[in-house]
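Read the structure below first, then the notes.
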Amino acid sequence: MRGTTMKEVERPYDGCGKCLIGVRRLSRVKAATTSPERQREDVLAAAAAVGGHIIDWADDWEVSGATDPITRPKLGPWLRDERGKYDGLVAAAVDRLGRNVVDCLNTGYKMRDEGKLLVSYGHEGAWNLDDPNDENRFTMEAWGAQMELRAIQRRNRDATKKIRAAGRPKGKPSYGFRYVRTVPNGRVERVELHPHAAEVLRTVASRILADPENVSPSSEAARLNRLGELAPVDHLAVMYGKSAGGRPWYPTSLRNMLLSEAAMGYLVHQGKPVIDRSGKPVRLCEGLWNRTTHNALKEVLRARDTPFRGRKSNRSYLLTKVAVCGHCHNRLSTQTSADAPPRYACTARNKGWKNAQHCRPAPNMRVANLDALVEAWFLEKFGHGAIMETVYDSGNGVADRIVEVEASRQRLRSDREAGLYDTPDDAQWYRERYSELSRELRELENEPQHPPGMVQRPTGETVADRWTNAPDVQARKEILLDFRVRVTVYPASAPVRWVPGLLHGPDRDPQQRGDRTPKL
């Protein structure tokens, strides 16, 4: 950089009037690419050429050129004036600012109107968009970037259509699956289940099917987050050798994965399976589950009002939503303070609830003490019991095949009604294929069926084993909820005494009123 050192070109904001933001962008970052380093050298050279220096970098990696600069993760906050003072932008080329004429001009005119510099490598000095020559050249370079983007998009669309017609996948694999390539970065040879991710999603599905009233995508997303399970985006990044970003599981995305037909191993386009010439969905590999299980998930995950049952909480308290007040029967809350241990307490009267206006004295007990009492009672009473799990049995497969054939026939009928088989050749093919599907359906209906349903089977572990192996407090709370445990807490002055083996029980003996020991 002709005598200018790297240290001189990169330094903090000093109000000199030429404190610039280095702009770099790349749509796909691969291990072999040298573009980030080359862009850095070009940006530093361009900044030094105008006597400026870099105060920060707006590096948007894995960001498409079609993204509006003002919405880009790193550059956007600077353009929205959310990151502090700066005197302009410097990029390795105009196409790093954007690949759309409108986006580039908006960014350029924003810099001009605010009196800031706009610099790019290969252009002598800063851009002066008030000068017709500079304005025309800047517009032409932006137009060239846009034409290049359009050509890339057209090639990608054509390639996608050809690959889809050949029954091969393109893009990212769905969660639970992985691509197998014989050559790194080569064509996808086959698709197979990812051992760990497939098990994660199958476990979620089985838990929801076994107890749809209590287990939901929200509670499962919270459980996966507590376990530290990689979210789909991070899982994909790690699978391709990149670092995880620490993103969480979201209930909506988890629900969409459970309901997607891609989970059955189908090639999916715009949410629907791709159909081959025989009228059946193109199958890439073994699915996470079959059509019968898919329909069962659709049934239990349909939009409905479900009561809150305490499974969505991420709090590290065992008895929230489990312990209730013996006076007003409202759920106990947790109270914390800097100079006292956390405690369970009834706060309903303080909140002004009408059904708690006579709740005095309100029960109050340390969290650690009550948790220990309940845990000891629960393990003594249920700890030796064997755990039976309820799972969904999809049957012998005949019902599933019937559903598949009926779905294929319905798709053909819908396409016919939409006018897709109106030509004579297509109409003849439609009649032949519809007849074949109808004949296959009649044959399947005559075969013996083992219907799908919920079945129970032993897990080989006891309640105490599951309690001990629970990963966190919330998992133990779910065990209590599964056993429908309800803890009723009374104040020390209440006419109630502790009865071994019982969690609560009123005692009407007036002599017991003087006992100051906390009662359950």
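In this note's numbering, each number is its position in the sequence shown, counted from 1, plus 6.
Just so you know, even glycine gets a beta-carbon here, dropped at the ideal spot from N, CA and C.
Handout entry: Neighbourhood of M460 by C-beta, 8 Å cutoff - its chain only, sequence neighbours within 5 removed
Key = Your numbering for residue 460 matches position 454 in the sequence shown. If we look at M460 and ignore the five residues flanking it on each side, its Cβ neighbours are L215, A216, T396, V397, Y398 and D399.
Exercise for the section: Ignore the nearest five residues each way along the sequence and tell me which others in P347's own chain have a CB closer than 6 Å to its CB. Expected result: Start at 1 with the first residue of the sequence shown, and residue 347 comes out as number 341. The residues are R372.
Practice task
Within the region 320-396, note down every full alpha helix (DSSP H) run reaching 4 residues or more, in order along the chain.
Solution key: 373-388
Handout entry: Beta-carbon proximity of G224 to P257, cut-off 7 Å
Key = Stepping through the sequence shown from its first residue, residue 224 is reached at position 218. Stepping through the sequence shown from its first residue, residue 257 is reached at position 251. Per the sequence shown, the amino acid found at residue 224 is Ser instead of Gly. In contact: S224 and P257 (Cβ atoms closer than 7 Å).
Handout entry: alpha helix (DSSP H) runs contained entirely in the region 392-458, provided each spans 4 or more residues
Key = 404-423 and 430-451
Handout entry: Residue range of the unbroken beta strand (DSSP E) whose run includes S126
Key = For the purposes of this step, residue 126 is taken as the residue at position 120 of the sequence shown. S126 -> beta strand (DSSP E) spans L123 to S126.
Problem - A228 - containing beta strand (DSSP E), residue span - result: Stepping through the sequence shown from its first residue, residue 228 is reached at position 222. Not the beta strand (DSSP E): A228 falls in the alpha helix (DSSP H), residues P223 to L233.
Exercise for the section: Would you mind sorting H300 into buried or exposed? The rule is 16 or more other CB atoms within 10 Å of its CB. Expected result: Here residue 300 is taken as the residue at index 294 of the sequence shown, counted from 1. That one is buried.
Handout entry: Beta-carbon contacts of L264 that lie in its chain and below 8 Å, excluding the five residues immediately before and after
Key = The residue given as residue 264 occupies position 258 in the sequence shown. So the qualifying residues of the chain are L207, V210, A211, I214, P223, L303 and L307.
Handout entry: Rounded C-alpha distance that separates S180 from Y246
Key = Here residue 180 refers to the residue found at position 174 when the sequence shown is read from its first residue. Here residue 246 refers to the residue found at position 240 when the sequence shown is read from its first residue. Each residue's Cα considered, the two are about 14 Å apart.
Handout entry: Beta bridge counterpart(s) of I60 as assigned by DSSP
Key = As a working note, residue 60 is residue 54 in the sequence shown. I60 is bridged to E16 and L26.
Handout entry: Inter-stretch contact (C-beta, 8 Å, three-pair minimum) for the region 365-382 and the region 265-283
Key = no
Problem - Per-residue burial, A132 [other beta carbons within 10 Å of its own, 16 or more giving buried] - result: In the sequence shown, residue 132 corresponds to position 126, counting from 1. By the 10 Å Cβ count, A132 comes out buried.
Problem - Identified DSSP bridge partners for F183 - result: As a working mapping, residue 183 is identified with position 177 in the sequence shown. For F183, which the question treats as bridged, DSSP gives the partners L199.
Handout entry: Backbone secondary structure at A97 - three-state DSSP
Key = Locating residue 97 in the sequence shown gives position 91, counting from the first residue. Strand at A97.
Problem - Reduced DSSP category for L303 - H, G, I as helix; E, B as strand; rest coil - result: Taking the sequence shown and counting its residues from 1, one reaches residue 303 at position 297. In the structure shown, L303 sits in a helix (DSSP, three-state: H, G or I).
Exercise for the section: With DSSP as the reference, please indicate the residues paired to W67 in a beta bridge. Expected result: Walking along the sequence shown from the start, residue 67 turns up at place 61. DSSP output for W67 lists L32 as bridge partner(s).
Handout entry: Cα-Cα separation, D48 to D20
Key = Taking the first residue of the sequence shown as position 1, residue 48 is located at position 42. Taking the first residue of the sequence shown as position 1, residue 20 is located at position 14. Roughly 23 Å separates the two Cα atoms.
Practice task
From the DSSP output, in three-state form, read off P497 for me.
Solution key: The residue labelled residue 497 in the question sits at position 491 within the sequence shown. Three-state result, P497: coil.
Handout entry: R46 - DSSP class collapsed to helix/strand/coil
Key = For the purposes of this step, residue 46 is taken as the residue at position 40 of the sequence shown. Correct three-state label for R46: helix.
Practice task
Leaving out five residues on either side along the sequence, give the residues of the same chain with a beta carbon under 7 Å from the beta carbon of G391.
Solution key: The residue labelled residue 391 in the question sits at position 385 within the sequence shown. Contacts found: T468 and V469.
Practice task
Quick one: residues in its chain with C-beta nearer than 7 Å to the C-beta of S339, no 5 flanking neighbours on either side, listed in chain order?
Solution key: For the purposes of this step, residue 339 is taken as residue 333 along the sequence shown, with counting starting at 1. Cβ neighbours of S339 within its own chain (closer than 7 Å, five residues either side excluded): A351 and T353.
Practice task
Note down the Cα distance separating E412 from H456, rounded to an integer number of angstroms.
Solution key: To locate residue 412, count along the sequence shown from 1; it is residue 406. To locate residue 456, count along the sequence shown from 1; it is residue 450. For E412 and H456, the distance between alpha carbons rounds to 18 Å.
Problem - Residue environment, H202, which counts as buried when at least 16 other CB atoms sit within 10 Å - result: Start at 1 with the first residue of the sequence shown, and residue 202 comes out as number 196. Exposed: under 16 other Cβ atoms inside 10 Å.
Handout entry: Pair within 7 Å by beta-carbon distance, V29 and L135
Key = Residue 29 sits at position 23 when you count from the first residue of the sequence shown. Residue 135 sits at position 129 when you count from the first residue of the sequence shown. The answer is no: Cβ separation not under 7 Å.
Handout entry: Ordered list of beta strand (DSSP E) runs contained in the region 116-180, each at least 3 residues
Key = 123-126
Handout entry: Secondary structure of V189, DSSP reduced to three states
Key = Along the sequence shown, read from residue 1 onward, the residue named residue 189 stands at position 183. Looking at V189 - three-state DSSP - the assignment turns out to be coil, as it is neither helix nor strand.
Exercise for the section: Kindly identify the DSSP beta-bridge partner or partners of K286. Expected result: For the purposes of this step, residue 286 is identified with residue 280 of the sequence shown, where counting begins at 1. Partner(s): none; K286 has no beta bridge.
Handout entry: Minimum C-alpha distance to D488 - residue among V495, I281, K327 and V409
Key = Here the question's residue 488 lines up with position 482 in the sequence shown. Closest by alpha carbon: K327.
Practice task
Return the first residue and the last residue of the alpha helix (DSSP H) that M263 is part of.
Solution key: Position 257 of the sequence shown, counted from the first residue, corresponds to residue 263. M263 -> alpha helix (DSSP H) spans P257 to L265.
Exercise for the section: Please state whether DSSP places P313 in a helix, a strand or coil. Expected result: The count along the sequence shown starts at 1 and reaches residue 313 at position 307. Reliability of the predicted coordinates at P313 is poor, the pLDDT of 49 falling under 50, and no value is obtained from them.
Practice task
Could you spell out the range, first to last residue, of the alpha helix (DSSP H) harbouring E484?
Solution key: The residue labelled residue 484 in the question sits at position 478 within the sequence shown. Taken as a continuous stretch (DSSP letters only), the alpha helix (DSSP H) holding E484 covers V479 to D488.
Problem - Distance between H59 and K24 (C-alpha atoms, nearest Å) - result: Here residue 24 refers to the residue found at position 18 of the sequence shown. Here residue 59 refers to the residue found at position 53 of the sequence shown. So the alpha carbons of these two residues sit roughly 7 Å apart.
Handout entry: DSSP state of P83 mapped onto helix, strand, coil
Key = By one-based count along the sequence shown, residue 83 stands at place 77. P83 falls in the helix class under three-state DSSP.
Handout entry: Distance, G177 Cα to T298 Cα
Key = The residue labelled residue 298 in the question sits at position 292 within the sequence shown. The residue labelled residue 177 in the question sits at position 171 within the sequence shown. Cα to Cα, T298 sits roughly 28 Å from G177.
Practice task
Identify the continuous alpha helix (DSSP H) that holds N475 and give its terminal residues.
Solution key: The residue you call residue 475 lines up with position 469 of the sequence shown. Its alpha helix (DSSP H) spans residues V469 to N475.
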